[in-house]
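With the first letter of the sequence shown counted as 1, position 123 gets the number 123 in the UniProt record's numbering; the numbers rise by one all the way through.
First comes the structure, then the notes that go with it.
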Amino acid sequence: MKINKNKTYTVTQIADIAGVSKASVSRWLSDRHVSPDHVKGKAKYFKSTYVEQYLKAHKAPHNKASEIPSTTELLQEQVRQLTEENKRLIARIEKQDQQIKEKDQQIANWTSQSAIISKLANDSHNVAQKLLESSNSNVDSDNEESSSVEEVNNQSNENVKKTSNSWFNRLFRRK
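Given below as structure tokens:
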């Protein structure tokens with residue numbers, strides 16, 4: 001519908017031109033405190049400049065049918081959005097795959113390190129066992145030596161006691 005500069009329009013006509021409800025137009029007019037140009041009965045008429053301002057404010061086309069997309073256009077837009085979403089998801093999956101590969105590599109490294117540590121622990125245990133066995137055999141030979149040393153010590157202690165007893169007895173013997 002073409003807007004005539006010399007004509008006045010009712011709220012219903014403005015709503016039809018803009019392709020919106022009468023309530024939307026009425027709200028817009030009352031928010032801006034727009035007074036009607038004239039009133040005929042119950043109908044309020046507004047200047048064409050208000051119609052133009054409303055259309056500019058809402059960027060509404062003069063022909064509402066031209067703004068409605070066709071089914072094909074809607075489906076094409078949906079396909080485009082789904083394609084973009086698919087690309088984002090693929091990128092996210094690739095990123096997560098890379099993170100999984102990095103984690104797998106870390107686990108492999110830890111596994112090899114733990115195997116090395118386990119081998120070192122076993123080797124250390126074996127060395128400790130061999131040292132213990134060799135020290136036990138040394139202790140056995142030391143025990144033999146120490147037992148002979150103890151025998152000698154015991155004999156010398158007995159001799160000392162005998163001599164000390166005799167000395168003591170000689171000096172302090174009771175008569």
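Ideal Cβ positions, reconstructed from N, Cα and C, are used throughout, including at glycine.
DSSP-derived helix/strand/coil call for residue i
i, result
"residue 16", "helix"
"residue 71", "helix"
"residue 10", "coil"
"residue 34", "coil"
"residue 24", "helix"
"residue 4", "coil"
Supposed close pair residue i, residue j - CB separation, criterion 8 Å
i, j, result
"residue 79", "residue 44", "At roughly 47 Å, the Cβ-Cβ gap does not stay under 8 Å, so residue 79 and residue 44 are not in contact."
"residue 14", "residue 54", "6 Å"
Alpha helix (DSSP H) segment containing residue i, residue limits
i, result
"residue 38", "First-last for residue 38: 38-40, but that is the beta strand (DSSP E), not the alpha helix (DSSP H)."
"residue 47", "Where residue 47 is concerned, there is no enclosing alpha helix (DSSP H), although the beta strand (DSSP E) it sits in stretches over 43-47."
Candidates the options: closest to residue i by CA position
i, options, result
"residue 56", "17, 70 and 35", "17"
"residue 28", "39, 138, 52 and 121", "52"
"residue 35", "9, 132 and 89", "9"
Worksheet item: Are three or more beta carbon pairs between the region 42-55 and the region 3-14 nearer than 8 Å?
Response: Short answer: they touch.
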